[in-house]
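S.K.: Listed in order, the protein sequences are those of chains A, B and C. Each residue of the first sequence is one higher than the last, beginning at 0 in numbering that gives the first Met the number 0. Each residue of the second sequence is one higher than the last, beginning at 0 in numbering that gives the first Met the number 0. Each residue of the third sequence is one higher than the last, beginning at 0 in numbering that gives the first Met the number 0. Shown below is the structure under consideration.
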Amino acid sequence: MSKTFEPVIAGFLCNWCAYAGGDLAGVSRLQYPPNMRVIRTMCSGMVHPNLVVEALQRGIDGVIVMG
Amino acid sequence: MVECGRHLNIEIHTLSRVTEVLGKKGNFNVTVEQKPRYVDMDKCIACGLCTEKCPKAVPDEFNMGVGKRKAIHIKYSQTVPLKYAIDSGNCLYFLKGKCKACEKFCPTGAINFQDQPRKISLNVGSIILAPGYEPFDPAKADIYGYGRIADVVTGMEYERLLSAGGPFQGHLLRLSDNREPKKIAWIQCVGSRTKNCGNLYCSSVCCMYAVKQAVVTAEHLHGDDVSQTVFFMDLRSHSKEFERYYEDARSRGVRFLRTRPHSIMPGKNNIGVSIEYTNDRGQRVEEGFDMAVLSVGLQAPPDALELAEVCGIELDRYHFAVTESFNPVATNRDGIYVCGAFQGPKSIPRSVTEASAAACVAGRSLLEARGTLTLEKTYPEERDVSGEEPRIGVFVCSCGINIAGVVRVQELAEYARGLPSVVHVENNLFTCSTDTQDLIAASIHEHRLNRIVVAACTPRTHEPLFQDTLREAGLNAYLLEMANIRNQNSWVHQKDAEAATAKAKDQVRMAVAKAALNAPLSRMTVPVVQKALVIGGGIAGMTAALEFAEKGYPTILVEKSDRLGGNAWHIGRTARGEEVRAVLLEMIPRVENHPEITVLKRAQVVSVRGSVGNFVSELEVEGKRRTEEYGVAVVATGGREYQPEEYLYGRDPRVMTHLQFDEELRERAPSIHKARSVVFIQCVGSRQPGRLYCSRVCCTHTVQSALRLKEMNAEMDVTVLYRDMRTYGTREELYFRARELGVLFLRYSLASKPSVFQEGGQLCVEVFDHVLERPVRISADYLVLASAILPNDIQGLVELYKCGVNEDGFVNEAHPKLRPVDMTVDGMFVAGLCHYPKPMDEAVAQAQAAVSRAAVLLARERLQLDAVKSYVTERCDGCGLCLDVCPYMAIRLEEYEKEGKVHRRIATDKALCKGCGLCEATCPKEGVMVHGFTLDQLRAQVNALVEAL
Amino acid sequence: MIIVHITALAQALGVHRNTIRNWMKSGRIRARSAPGKGILFSRKDFDDFCQAFRLEPEHLVFKELSLPLVPATVDAAPEEGLNHVPSTSREDSMSGKITGAVLVVGGGIAGIQAALDLADSGYKVHLLEKTSGIGGKMAQLDKTYPTNDCAM
């Protein structure tokens, strides 16, 4: 492999905490690796387990649920 | 703040001051002088080019002079209005007659050097003064070498050093050599509690801001050689949750030294400092620190005098506005009110509370003119997009250089053009600017767009703005989707344009995929019952009931005992010396006879249904039940005095609590007069494990009683055994006076509490004296225990309303700083002792504030709920799994008949549902979904992401 | 209302400023202290005073305020401030006109909160700020205790 492995991570973020935290990281200009793609939810408890499994099945390298 | 800038009925006049106030309550004519801004507010798009090109740099006052700004500037990046201004005192054009760089580079031609001062004439019914405070400036008095020693800074400067938006972007550096300081000292009471600078009062907030800074510093810096030391006189953590915060700081290793340092000398080469102080053994110590922070006090703003004169209001000797305990936001001039630190030094929550209280009384007197000058926004009818193929418009924001500086926006826009269903793409410098809103609306009409994707900042702040734009263009607000390519992309991947652009493409693709599935949603509105319920008939509850009633809202006042008044019956005078009973005797009949107030004694709430705007409760009144509907509720259930088990209380009649001693003073003053020695013990039941909070009022109460005794008989020995005296604000004057009159203050620590015993019929108190380093024995004719304030038990209410109390049993607020009287349950508000121990004036202000906040809800008449709610699909088979997980009990099971058979399925209560979607995640059959976040929509986003692989 | 500078008055009478203050305390001069070094007379008291001391009023008047009489709090019983004037007091309804707008001076957290509450309950608000943007001191704070939230 010539390129280093860069995972694609789906992030389910709660609108009220983790997503707000993501915004705050931006306001504070905290730098982090660009591998996560955020899907905003109204609560981390909204994420159906099937959705996580589907995502992984379809080839996404990681799923992170934050809330 | 942003809300304020966008509010249809708030007009912000910046760079302005009041020069004349004529007329009277209900009808004032105010003249305002507005300084020129030299920037046309309509044209300025806040792109920042002018600041970039401006050659003149000056110390930035927002950063307390640490760091620079330009002559043309905005105060800070989130300021409202976000429009630049030229400071003519520093601008080269105004100083030397040439430059005009900003004018040359401004892309919109907003610069106007011909701008003139303006006089504005305003006609208003009430005036609220909230000019705030000024931090004490230690440079003027050459205190602790401030101004000469680089590493001595004020608390406010230190805030800026810590701040992510500050001069060092949140990386803590000291000013002498720009290196990270390891060992930092805080010095309390600089410009407070001292005769030297004339500020005898306690500034109330500095102890806690110093503790906070020490804790935050510990989070910033790491390593074994890092330490924080606070030099203090009395540590005053007298507000809610502060004692716990202070204890937590101590357990984290912040060092607290009770001594006032003598002086600060510069370190070697003027780097660092050396502090000289006397330690608790009386030895002189010189200790080196990397940096010293002076916890400067709060004082009245310099323009307070002028403002007071123009408005004709009375100030005290410190130039704070004078008010009364039972009318805490009213000045001596009718129709003019004050709030915040202008009335006396105070913390943020108290300022916010008073602000709402001022709004309450300012509005009360203008009742008949309510709604006459306000505008209500109207929207065109929504276009019906059902059955239309998705036609998506994508708007990519450059956000000046915020996004465009990292993400290649042109490339992103081109990419978006190729996505399915996208028919129109635009790139804007600022998608949020007012002119772009018109552009978006025009595009919606021109291209018949029926879904909009905005790739810009976060929906958390800007979704309402764009939703509004859609509504104005005749589209349903929920046809909008945002891609957060600023906060969660360009700002956090500043070094990697390639990856950031790739990520932005993914974000836009995912947003487009979701948007295609967005459906128009309607917001449910519910009528608001124009009635209030007040629980608790003490001073706070009665004040709230009266305020509601004066605003014309029928109010039910529920009191569990058989008389109104609560604890106020037992209290002598307020800290300002007002007689409490006289007020009570005047207030109670006013409440009982008010046509809008129904007083229910021996009553309690036994059931609650519904939610904000539509509560329905069963009340039990003298054993009988009645049902009441109301839109809002104020909880003012009060507190009570702790009945001590220690210090021979209840076993020796000479030992009494404060309230009993007040009674004694009232009824049997002559026998007290004869006493030779009276001892007070502070913090009985407060500030100890199990009750880790300060009861806030007892120090002032003790000092007041001690003064009363000394005035009765100057020969009497009055001794106060205390841990920290917490006579905050101008109450400090009482403490000062008590010491002048010879009241003896002896400190004890939690570890060595005083002991009380009888010896030959004598009541004796023994305490370990820290100065003499030996036990001291005092005989006492009376022993007064400053016992704690406990909240009344409201477990029943907590369960009924599902509201929260903290571990001490005090009602939780929605946000400790910004929503201090709103409870965690919408439509419920809190006032008085059930929230936290507090003196009379604060309880009254809080009650008025609660009514102000509640009146905002009642004023709407119909309440609009967010459309993001759960709904039941065809696939629900009534298994009921979701019932248990719903945290809001918004789901119930119901039966229905179909083809002669009984089926079961769930039904959701839209008023209760908060759209959290726990049901959606729990349901095994996709039988329940949340609008706007359906499984299909989330799946579409995942699928769109997969496409990138 | 008339404001007279205490120094001017002391000079005109040829006494020390403290003497004036003492006279005010003892009631010999019917006036009370105003913010700064001014003292506040009602028009009638001022005229009486000038006549008694044979002073020329024009040389003394520092400022004449055309304000409604401010109740002298010195004389007021503490309970007096408690009489919440009901919104439809006789005075208001007689003057006929009530303006449904409020001026809030100061764009800090207190001013902002007051403005929002009023604007949300049906009043027009003019929010006055002396600098170029609102936000006040709180916007300058890094974090707030006890939750260590961001101050913005």
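Idealized CB from N, CA, C, for every residue including glycine.
Hey, how far is the Cα of D44(C) from the Cα of R29(C)?
M.R.: 6 Å
S.K.: Against chain B, with Cβ distances strictly below 8 Å, would P6(A) count as a contact?
M.R.: no
S.K.: Quick one: complete beta strand (DSSP E) runs, 3+ long, within the stretch 68–116 of chain B?
M.R.: You should have found no qualifying run.
S.K.: For chain C, find out if any of its Cβ atoms is closer than 8 Å to the Cβ of A213(B); answer yes or no.
M.R.: No, its Cβ sits nowhere closer than 8 Å to a Cβ of chain C.
S.K.: Should A113(C) and A358(B) be called a contact, given that it needs their Cβ atoms to be closer than 8 Å?
M.R.: Their beta carbons are under 8 Å apart, which means A113(C) touches A358(B) by this criterion.
S.K.: My assumption, with CB atoms under 8 Å, is that P344(B) sits in contact with L306(B). Please give the rounded CB distance.
M.R.: At roughly 17 Å, the Cβ-Cβ gap does not stay under 8 Å, so P344(B) and L306(B) are not in contact.
S.K.: Based on the DSSP secondary-structure assignment, which residues constitute the bridge partners of C13(A)?
M.R.: T40(A)
S.K.: Within the same chain, show all residues whose beta-carbon is closer than 6 Å to that of L174(B), passing over the 5 residues directly before and after it, in chain order.
M.R.: A149
S.K.: What residues from the stretch 490–512 of chain B come within 8 Å of chain A, judged by C-beta to C-beta, listed N to C?
M.R.: Taking 8 Å as the Cβ-Cβ cut-off against chain A, the residues of the stretch 490–512 of chain B that qualify are W490, V491, H492, Q493, K494, D495, A498, A499, A501, K502, D505, Q506, M509.
S.K.: Quick one: residues in its chain with C-beta nearer than 7 Å to the C-beta of D723(B), no 5 flanking neighbours on either side, listed in chain order?
M.R.: D233, L234, R235
S.K.: Relative to the C-alpha of R904(B), which residue among E898(B), P923(B), V871(B), G914(B) is closest?
M.R.: Answer by Cα proximity: V871(B).
S.K.: Alpha carbon to alpha carbon, how far is L749(B) from A19(A)? Give it in angstroms, no decimals.
M.R.: 41 Å
S.K.: Looking at the unbroken alpha helix (DSSP H) that takes in W22(C), where does it start and where does it end?
M.R.: 16–25
S.K.: Going along the stretch 67–85 of chain B in order, which residues come within less than 7 Å of chain C, judged by CB to CB distance?
M.R.: I73, K74, Y75, Q77, T78, V79, P80, A84
S.K.: Below 8 Å on the Cβ atoms is my guess for V631(B) versus G826(B); work out the distance and round it to an integer in Å.
M.R.: 5 Å
S.K.: Return the CA-CA distance between E410(B) and R416(B), expressed in angstroms with no decimal places.
M.R.: 10 Å
S.K.: For D716(B), write down the residues that DSSP places opposite it in a beta bridge.
M.R.: S676(B)
S.K.: Who are the near neighbours of D74(C) in its chain, counting only those whose CB is closer than 7 Å to its CB and skipping five residues on each side?
M.R.: Legend: pLDDT at D74(C) = 36, less than 50; position of this residue unreliable, value from coordinates given subsequently. The answer is none, since no qualifying residue turns up.
S.K.: With H, G and I counted as helix, E and B as strand and the rest as coil, what does DSSP make of L297(B)?
M.R.: Strand.
S.K.: Since V829(B) contacts A858(B) with CB under 8 Å, what's their CB separation in whole angstroms?
M.R.: Their Cβ separation, rounded to whole angstroms, is 20 Å, which puts V829(B) and A858(B) out of contact at 8 Å.
S.K.: Who pairs with P790(B) in a beta bridge, going by DSSP?
M.R.: In the DSSP assignment, the residues bridged to P790(B) are G638(B).
S.K.: Could you give the distance in angstroms between the alpha-carbon of E577(B) and the alpha-carbon of G537(B)?
M.R.: 17 Å
S.K.: Taking the continuous beta strand (DSSP E) assigned at T18(B), which residues delimit it?
M.R.: 15–23
S.K.: Please decide whether M954(B) counts as near chain C, where near means a Cβ-Cβ distance under 8 Å.
M.R.: Lying outside 0 to 948, the shown extent of chain B, residue 954(B) is not represented and no answer is given.
S.K.: Which residues, in chain order, does the stretch 914–946 of chain B contribute to contact with chain A at a C-beta distance below 7 Å?
M.R.: G914, C915, G916, L917, E919, A920, V929, F932, L934, L937, R938, Q940, V941, L944, V945
S.K.: Compute the Euclidean distance between the alpha carbons of P70(C) and G165(B), then round it to the nearest angstrom.
M.R.: Low per-residue confidence applies at P70(C): pLDDT is 38, beneath 50, and the placement is therefore not dependable enough to give any value.
S.K.: Run down chain B in chain order and give the residues with a C-beta less than 9 Å from the C-beta of V64(A).
M.R.: By Cβ distance, chain B contributes nothing, its closest Cβ being about 10 Å from V64(A), past 9 Å.
S.K.: Taking 8 Å as the threshold (beta carbon to beta carbon), is P145(C) in contact with chain B?
M.R.: The pLDDT assigned to P145(C) is 45, lower than 50, so where the model puts this residue is not dependable; a value taken from the coordinates is nonetheless given after this. Cβ-Cβ to chain B under 8 Å: yes for P145(C).
S.K.: Assuming I596(B) is part of the beta strand (DSSP E), what are its boundary residues?
M.R.: 596–599
S.K.: Within 8 Å (strictly less), CB to CB, does V69(C) reach chain B?
M.R.: For V69(C), the predicted structure reports a pLDDT of 37, less than 50, and the residue's modelled location is therefore unreliable. A value from the coordinates is still provided. The beta carbon of V69(C) falls within 8 Å of a beta carbon belonging to chain B, placing the residue at that interface.
S.K.: May I have the straight-line CA-CA distance separating V696(B) from S203(B), to the nearest angstrom?
M.R.: 13 Å
S.K.: For F241(B), does the three-state DSSP call read helix, strand or coil?
M.R.: helix
S.K.: Taking a cut of 9 Å between CB atoms, which residues from the stretch 16–29 of chain B lie near chain F?
M.R.: Looking at the structure shown, chain F is missing, and the protein chains on hand are A, B and C.
S.K.: Since H125(C) meets chain B, which of its residues come closer than 7 Å, beta carbon to beta carbon?
M.R.: Chain order gives the chain B residues near H125(C) as E10, H12, L121, V123, where near means a beta carbon separation below 7 Å.
S.K.: Tell me which residue opens and which closes the beta strand (DSSP E) that P819(B) is part of.
M.R.: For P819(B), the enclosing beta strand (DSSP E) stretches over residues 818–822.
S.K.: Give a yes or no on whether the minimum CB-CB distance between E367(B) and chain C is below 8 Å.
M.R.: Yes, because at least one Cβ of chain C sits closer than 8 Å to the Cβ of E367(B).
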